[in-house]
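Here is the structure we will look at.
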Amino acid sequence: GKVREVLDELEQRGYHRFYIDGGKTIQSFLKEDLIEEMSITVFPVLLGGGIPLFGELENRLEFDLVSSQVYLDQLVQLHYRRKRST
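What follows is the structure, given as structure tokens:
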């Protein structure tokens, strides 16, 4: 899709790691199975509403937990790597 085309162009220019943020953007990358690693930070505040982070996916995507860290005794950052079948 369009996201893959943009990534291919950026990779040809020497860019290989990207930071993306926001529900709609993350969903676009997940739908095309373009996320190899992700960090999710959990804040102890419930906002309600808003755009879901992951949304609907056609296929199950599995990730392995690489690490977790706690910051300021309340924020938890989880680092995951995409699990690919070999």
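Sequential numbering of the sequence shown, starting at -5, is according to the numbering used here. Quick reminder that beta carbons are idealized off the backbone N, C-alpha and C, glycines included.
* Cβ-based burial, I45 [other Cβ within 10 Å; buried from 16] -> Along the sequence shown, read from residue 1 onward, the residue named residue 45 stands at position 51. Exposed, by the Cβ-count rule.
* Excluding sequence positions up to five away, which residues of its chain have a Cβ less than 8 angstroms from the Cβ of R(-2)? -> For the purposes of this step, residue -2 is taken as the residue at position 4 of the sequence shown. Counting only Cβ-Cβ distances below 8 angstroms, and skipping sequence neighbours, we find E26, L28.
* What number of angstroms, rounded off, separates the C-alpha of G(-5) from the C-alpha of Y74? -> What you label residue -5 is simply residue 1 of the sequence shown in a count that begins at 1. What you label residue 74 is simply residue 80 of the sequence shown in a count that begins at 1. So the two alpha carbons sit approximately 24 angstroms from each other.
* What residue range is occupied by the uninterrupted beta strand (DSSP E) comprising E31? -> Position 37 of the sequence shown holds residue 31. Start and end: 31 to 36.
* May I ask which residues mark the beginning and end of the alpha helix (DSSP H) holding Q6? => Position 12 of the sequence shown, counting from 1, holds the residue named residue 6. For Q6, the enclosing alpha helix (DSSP H) has its first and last residue at -4 to 6.
* To do: State the beta-bridge partners of V64 as determined by DSSP.
  => As a first step, residue 64 is located in the sequence shown; it is residue number 70 there, counting from the start. DSSP lists V70 as partners of V64.
* **Alpha-carbon spacing of Y9 relative to V60, whole angstroms** => For this step, residue 9 is matched to residue 15 along the sequence shown. For this step, residue 60 is matched to residue 66 along the sequence shown. It is roughly 23 angstroms from the alpha-carbon of Y9 to the alpha-carbon of V60.
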